[in-house]
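For the sequence shown, position 223 (counting from the first letter as 1) is numbered 223 according to the UniProt record's numbering, and the numbering increases by one without interruption. Written out below as structure tokens is the structure these notes cover.
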Amino acid sequence: MAHKQAGVDLESLYSDLGKACKAASYSRVVAICDKILKPFPTDAYALHCKIVSLIRQDRFDDCLEFFRKQQPLNYSPALFETAFNAACYYIGKKDYMRALKYLDEAEKLCTKTFEDDTDVTEEQINEEVAPIRAQKGFVLQQQQKADVAFEVYHTILRQRSGDPSLMVVISNNLICINKEQNAFDTRKRIKASSIDDLQHKLFQAQRSSILVNQALFYLNNNQLDACNAKLKAVLNEDPNNVRAVMLSAVSLAKSKQSSAGVRLLENFAKSSAFDEVDKQSRLAVIFLLVHLQLMAASGTSLGATPTAPLRVGKLTAEVADALSEQILAKLLPKEIALLPLIASLRVALLLGTGTGGADCVDEATVKRTKEIVFETLEVWSKKSSDKIDSDRLLSRCIDFFRFHGFAEDAAHLLEQRLDALKQMSAGSEGVKKQQQQSLLALLIQAYSKFDHAKASQASRHLEFKEKLSEKEVDSLESIFLFNMKSIKKSGRVVTAPTPKSGGKAGDTEGAVAVTPKKHKKKKRPPRLPKNYEPGVPPDPERWLPRRERTGYRGKRRDKRQPLHLQRGPQGVTSSTAPELDMGNTGASVASTPPSAGSGSAGTGPGPSANNAQRRPQQNKPHKSKKGKRR
Numbered sequence: 001m002a003h004k005q006a007g008v009d010l011e012s013l014y015s016d017l018g019k020a021c022k023a024a025s026y027s028r029v030v031a032i033c034d035k036i037l038k039p040f041p042t043d044a045y046a047l048h049c050k051i052v053s054l055i056r057q058d059r060f061d062d063c064l065e066f067f068r069k070q071q072p073l074n075y076s077p078a079l080f081e082t083a084f085n086a087a088c089y090y091i092g093k094k095d096y097m098r099a100l101k102y103l104d105e106a107e108k109l110c111t112k113t114f115e116d117d118t119d120v121t122e123e124q125i126n127e128e129v130a131p132i133r134a135q136k137g138f139v140l141q142q143q144q145k146a147d148v149a150f151e152v153y154h155t156i157l158r159q160r161s162g163d164p165s166l167m168v169v170i171s172n173n174l175i176c177i178n179k180e181q182n183a184f185d186t187r188k189r190i191k192a193s194s195i196d197d198l199q200h201k202l203f204q205a206q207r208s209s210i211l212v213n214q215a216l217f218y219l220n221n222n223q224l225d226a227c228n229a230k231l232k233a234v235l236n237e238d239p240n241n242v243r244a245v246m247l248s249a250v251s252l253a254k255s256k257q258s259s260a261g262v263r264l265l266e267n268f269a270k271s272s273a274f275d276e277v278d279k280q281s282r283l284a285v286i287f288l289l290v291h292l293q294l295m296a297a298s299g300t301s302l303g304a305t306p307t308a309p310l311r312v313g314k315l316t317a318e319v320a321d322a323l324s325e326q327i328l329a330k331l332l333p334k335e336i337a338l339l340p341l342i343a344s345l346r347v348a349l350l351l352g353t354g355t356g357g358a359d360c361v362d363e364a365t366v367k368r369t370k371e372i373v374f375e376t377l378e379v380w381s382k383k384s385s386d387k388i389d390s391d392r393l394l395s396r397c398i399d400f401f402r403f404h405g406f407a408e409d410a411a412h413l414l415e416q417r418l419d420a421l422k423q424m425s426a427g428s429e430g431v432k433k434q435q436q437q438s439l440l441a442l443l444i445q446a447y448s449k450f451d452h453a454k455a456s457q458a459s460r461h462l463e464f465k466e467k468l469s470e471k472e473v474d475s476l477e478s479i480f481l482f483n484m485k486s487i488k489k490s491g492r493v494v495t496a497p498t499p500k501s502g503g504k505a506g507d508t509e510g511a512v513a514v515t516p517k518k519h520k521k522k523k524r525p526p527r528l529p530k531n532y533e534p535g536v537p538p539d540p541e542r543w544l545p546r547r548e549r550t551g552y553r554g555k556r557r558d559k560r561q562p563l564h565l566q567r568g569p570q571g572v573t574s575s576t577a578p579e580l581d582m583g584n585t586g587a588s589v590a591s592t593p594p595s596a597g598s599g600s601a602g603t604g605p606g607p608s609a610n611n612a613q614r615r616p617q618q619n620k621p622h623k624s625k626k627g628k629r630r
């Protein structure tokens with residue numbers, strides 16, 4: 001009856017709550033729990049579901065505020081679960097020192113709790129301690145202690161003490177530690193961090209982070225198909241994932257589709273999801289978009305430097321102005337668009353137009369950059385920020401005005417800088433005085449461009465040194481020589497005051513034009529052979545091979561060797577070939593002379609005679625001739 005009196009159908013709400021929990025729709029779970037808790041603020045099941053949903057959505061501040069509104073819980077501070085939950089809260093707040101303190105306490109309490117129980121084995125204790133150690137490894141990893149975190153993770157993997165979801169998270173963290181160093185171990189961890197069967201055991205942020213890290217590894221190893229498959233899985237689940245969108249654009253640019261990557265980032269920047277992105281991610285998207293647009297404008301690949309179009313001179317004024325305005329008005333709020341780094345990027349884009357250096361930029365572009373610099377100065381001079389160094393910003397603006405010929409503006413900023421330096425009380429007097437003198441020298445240079453009276457008046461405040469150190473003398477000499485070399489190379493006109501002109505500004509009488517000397521090419525001394533004779537002309541056949549020259553006779557034979565032993569080029573004997581042919585019997589009989597002691601042998605051939613005739617006589621080895629004795 002109480003349910004009907006309150007006008008709430010609790011059964012239907014519980015039914016919707018169960019469906020939302022099964023679908024892991026945590027935002028819907030929170031909305032249904034609010035409907036239940038409005039008439040029934042002490043409903044335990046609704047309280048539990050809302051707290052879990054807030055934690056699943058990483059809304060730790062809302063969860064803590066919800067806890068504070070409820071009655072204080074009666075829990076014991078000696079429980080390791082309490083210490084672990086407190087550590088997780090401080091991890092969400094990025095207070096890693098306090099989180100590590102609570103994790104150490106939780107590990108000690110957990111080990112002590114289960115050591116007293118005789119029925120609990122060591123493997124079961126390791127299973128209970130594994131989540132605490134995994135969180136401890138994550139905290140150490142965030143504190144840039146990767147070696148210690150690596151050992152903690154490997155201890156858990158060796159003991160096999162965690163459940164599958166914890167093992168997947170540890171493998172993902174090891175991938176982040178390895179980066180590009182240990183590719184074999186990273187591939188092994190990617191296989192171990194498969195989330196196919198763990199859809200309901202991991203948070204959505206965890207699943208997205210695991211897949212994005214794997215995609216980044218594949219992208220660095222030029223495995224674009226595997227990278228695109230992982231990114232597609234992330235974007236199907238979370239279309240507004242900033243890292244996945246950026247990696248998709250980079251993957252398209254790597255596959256020579258820069259225009260498609262630019263369109264992807266532009267559509268994302270114009271969507272409503274871009275407004276919900278934090279400032280750091282928003283800046284990263286804009287910088288990547290400008291990078292890809294510059295690459296598309298210059299026709300270079302993604303591996304080139306981002307400023308390649310500025311150096312090559314392929315960036316037109318229209319493209320630069322469009323990019324500058326896009327950064328300022330269309331995609332970024334004004335407070336971010338006027339940051340010094342964004343302003344410097346816009347100035348670099350505008351000054352990068354043309355075919356040469358800054359001197360080739362038209363006057364309208366220089367005036368536009370001057371407006372950007374003044375606008376940035378006006379905004380940050382009124383604000384006091386710890387992140388922006390006002391003195392450094394002022395000095396960079398002074399350098400810009402001096403370089404581009406805005407002497408009056410540079411003098412105005414130098415006067416402000418000197419006044420601020422005089423009002424400063426902190427710092428040593430010696431350093432302060434040295435800074436004042438250097439600023440005064442720059443101010444005199446600026447005054448000399450448009451007001452000589454002010455320049456002479458300001459020069460009276462300069463303190464001249466009676467003696468210079470050797471280091472100062474060397475630096476002055478090097479500066480003088482460097483300036484003279486630059487004058488001779490560029491052929492500039494050096495104006496020297498004459499008695500008629502008196503050295504007034506604007507007089508050109510007595511100007512001596514220093515014409516540049518023609519650069520003489522240094523000839524390399526010719527490399528001559530060792531036995532070179534200056535008067536003798538070279539051999540015209542010196543480039544031919546040795547065997548093709550007319551004077552080549554080949555390898556000479558030994559004339560002392562008998563002719564019958566001299567062989568031809570293929571090893572065939574010249575004169576004794578018929579005699580050594582064993583198949584030619586007639587030739588051997590006819591050529592064999594009759595012996596003196598065998599008269600009966602000539603009338604009838606016998607076997608011994610035939611053998612004797614067929615057997616060729618062995619030639620005696622050649623003996624070297626000895627000299628005749630006298």
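Just so it is clear, CB atoms sit at the ideal spot from N, CA and C, and this is done for glycine as well.
Excluding sequence positions up to five away, which residues of its chain have a Cβ less than 7 Å from the Cβ of Leu211?
Counting only residues of its own chain and dropping the five nearest sequence neighbours on each side, Leu211 has a CB closer than 7 Å to the CB of Lys230, Ala233 and Val234.
Where does Ser25 fall in DSSP's three states?
Residue state for Ser25 is assigned as coil, using DSSP reduced to three classes.
Using a Cβ-Cβ cutoff of less than 8 Å, which residues in the same chain neighbour Thr42 once the five nearest sequence positions on both sides are dropped?
No residues qualify anywhere along the chain.
Threshold first: 3 residues or longer. Then list the beta strand (DSSP E) segments lying entirely within the region 191-235, N to C.
Whole beta strand (DSSP E) segments, 3+ residues: zero.
Stretch-stretch touch, CB-based, cutoff 8 Å, three pairs: the region 52-67 with the region 94-113:
Under the 8 Å Cβ criterion, the region 52-67 does not count as touching the region 94-113, having fewer than three qualifying pairs.
Could you tell me the alpha carbon to alpha carbon distance between Val347 and Ile372, rounded to whole angstroms?
The alpha-carbon atoms of Val347 and Ile372 are separated by roughly 7 Å.
Is Ser208 closer than 9 Å to Ala249 when the C-beta atoms are compared?
The criterion of a C-beta distance shorter than 9 Å is not satisfied by Ala249 and Ser208.
Let me confirm a value: Phe464 is counted as buried when at least 16 other C-beta atoms fall within 10 Å, else exposed. Which label applies?
Classification for Phe464: exposed.
Would you mind reading off the limits of the alpha helix (DSSP H) that contains Gly167?
According to the sequence displayed, residue 167 carries Met and not Gly. Pro164 to Asn178 is the extent of the alpha helix (DSSP H) around Met167.
8 Å Cβ shell around Thr155 - same chain, five flanking residues per side excluded:
Taking Thr155 as the centre and dropping the five residues before and after it, the same chain places the C-beta of Arg133 closer than 8 Å to its C-beta, in chain order.
Collapsed DSSP secondary structure at Met424 in the structure displayed:
Look at Met424 here: in three-state DSSP terms it is coil, with no helix or strand label.
Would you decide whether residue 633 is buried or exposed? Buried here means 16 or more other CB atoms lie within 10 Å of its CB.
Nothing about residue 633 can be read from this structure; the chain reaches only from 1 to 630.
For Phe40 and Ala46, what's the separation of their Cα atoms in angstroms?
Near 9 Å, if we compare the C-alpha coordinates of Ala46 and Phe40.
Coil, strand or helix - Glu123 by DSSP:
Looking at Glu123 - three-state DSSP - the assignment turns out to be helix.
When you compare each of Leu421, Phe406, Ile398 and Ala420 to Leu413 by their alpha carbons, which one comes out closest?
It is Ile398.
Which residues in the same chain as Pro499 place their Cβ atom closer than 7 Å to its Cβ, once the five residues preceding and following it in sequence are excluded?
Residue placement at Pro499 is poorly supported in this model, since its pLDDT is 44, which falls under 50; the coordinates still yield a value, given next. When the five nearest sequence neighbours on each side are left out, no beta carbon in the same chain lies closer than 7 Å to the beta carbon of Pro499.
Start-to-end residues for the alpha helix (DSSP H) that takes in Tyr552:
Counting along the chain, Tyr552 sits inside no alpha helix (DSSP H), nor does DSSP assign it H or E at all.
So what's Lys18 in DSSP terms, helix, strand or just coil?
Checking the sequence, you will find Gly at residue 18 rather than Lys. In the three-state scheme derived from DSSP, where H, G and I count as helix and E and B as strand, Gly18 is classed as helix.
Could you please give the first and the last residue of the uninterrupted alpha helix (DSSP H) stretch that includes Gln159?
First-last of the alpha helix (DSSP H) with Gln159: Ala146 to Gln159.
From Thr121 to Gln223, what does the alpha carbon distance come to, in whole angstroms?
Looking at the two C-alpha atoms, the distance is approximately 45 Å.
Starting from the C-beta of Leu13, find all residues in its chain whose C-beta is less than 7 Å away, skip the five residues before and the five after it, and write them out in chain order.
Hits under 7 Å: Ile32, Lys35 and Ile36.
Given Glu541, which residues of its chain have a CB within under 6 Å of its CB, disregarding the five upstream and five downstream residues?
Cβ within range, chain order: Arg549.
In or out: Met424 buried (at least 16 other Cβ within 10 Å) or exposed?
In summary, Met424 is exposed, with fewer than 16 beta-carbon neighbours lying within 10 Å of its beta-carbon over all protein chains present.
Decide if the region 80-89 is in contact with the region 127-141; the criterion is three or more beta carbon pairs, one per stretch, under 8 Å apart.
Because the criterion of three Cβ pairs below 8 Å is met, the region 80-89 and the region 127-141 touch.
So, Arg189 versus Ser171, is the Cβ gap smaller than 9 Å?
Yes, these two residues count as a Cβ contact at 9 Å.
Classification of Glu107 by the beta-carbon crowding that lies within 10 angstroms, buried from 16 upward:
Burial check for Glu107: the Cβ neighbour count within 10 Å reaches 16 or more, so the residue is buried.
How many whole angstroms separate the CB atoms of Val29 and Cys21, which I take to be in contact at a CB cut-off of 8 Å?
About 6 Å separates the two Cβ atoms, so the contact holds.
Would a C-beta distance cut-off of 9 Å place Cys168 and Ser193 closer than the cut-off?
The sequence given here has Val at residue 168, not Cys. Closer than 9 Å, so yes.
Within its chain, find whatever has a CB closer than 6 Å to the CB of Lys4; leave out the 5 residues flanking it on each side and keep chain order.
With a pLDDT of only 46 at Lys4, under the threshold of 50, the placement of this residue in the model should not be trusted; the figure read from the coordinates follows. Non-local C-beta neighbours of Lys4 in its own chain, meaning closer than 6 Å and more than five positions away in sequence, are absent.
Whole-number beta carbon distance between Tyr26 and Gln70, since they are thought to touch under 8 Å:
Contact doesn't hold; Cβ gap of about 19 Å is too wide.
Alpha carbon of Val262 to alpha carbon of Leu440, nearest angstrom:
If I take the Cα positions, the gap works out to 48 Å.
With DSSP collapsed to three states, give me the class of Leu468.
If DSSP states are grouped into helix, strand and coil, Leu468 belongs with coil.
Can you give me the C-alpha to C-alpha distance between His291 and Ser258, rounded to a whole angstrom?
Those two C-alpha atoms are separated by around 10 Å.
Start-to-end residues for the alpha helix (DSSP H) that takes in Phe268:
Per DSSP, Phe268 belongs to the alpha helix (DSSP H) from Ser258 to Lys270.
Would you report the Cα separation of Cys227 and Tyr218, rounded to the nearest angstrom?
Distance between the alpha carbons of Cys227 and Tyr218: 5 Å.
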